[in-house]
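**Q**
In my numbering, the protein residues as written are 372 to 504.
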């Protein structure tokens with residue numbers, strides 16, 4: 372769960388966000404809607420760890436990843452917009468490759484009760500949980 376508790380963001384004397392509170396559970400899919408300058412991008416930057424609040428707390432599990440595509444993209448030279456957007460899935464691609472590698476390793480082994488086999492099976496379970504989250 373992602374939790375924002377009494378989060379305030381102020382720039383000098385201007386308060387952009389004043390003690391906001393909300394919680395996003397594991398199964399929620401959300402959209403941030405509001406007028407220009409309302410703080411939508413600021414909220415996303417804080418959730419992604421790119422910006423700290425002036426005060427308040429943001430809590431989220433360490434095993435969670437949040438995708439964020441900023442309004443003004445900072446992309447690598449020579450990369451297209453689609454390549455940049457697809458880079459959001461780089462971690463998932465790495466996980467899928469590791470799943471394939473471990474699955475192949477488990478399929479060729481016959482030491483089903485060895486510690487190494489059980490460790491591989493446990494790692495495979497963790498990786499699958501990561502992808503399904």
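Glycine included, C-beta positions come from ideal geometry on N, C-alpha and C.
Is the segment 488 to 495 in contact with the segment 457 to 474, if contact means three or more CB pairs nearer than 8 Å?
**A** yes
**Q** Determine, using beta carbons only, whether residue 459 and residue 438 come nearer to each other than 8 Å.
**A** It is a contact, given that the beta carbons lie within the stated cut-off.
**Q** Would you mind working out which of 448, 488, 418, 384 sits nearest residue 374, comparing C-alpha positions?
**A** Between residue 374 and the set 448, 488, 418, 384, the nearest pair of CA atoms involves 418.
**Q** Taking only the alpha-carbon atoms, compute the straight-line gap between residue 479 and residue 490 and give it to the nearest angstrom.
**A** 15 Å
**Q** By alpha-carbon positions, which one of 413, 397, 427, 396 ends up nearest to residue 404?
**A** 413
**Q** Report back the beta-carbon spacing between residue 426 and residue 474 to the nearest angstrom; my notes put them in contact at under 8 Å.
**A** Going by Cβ atoms, the distance from residue 426 to residue 474 rounds to 47 Å, so no, they are not a contact pair.
**Q** Taking residue 428 as the reference, give the member of 407, 434, 488, 394 with the closest Cα.
**A** 394
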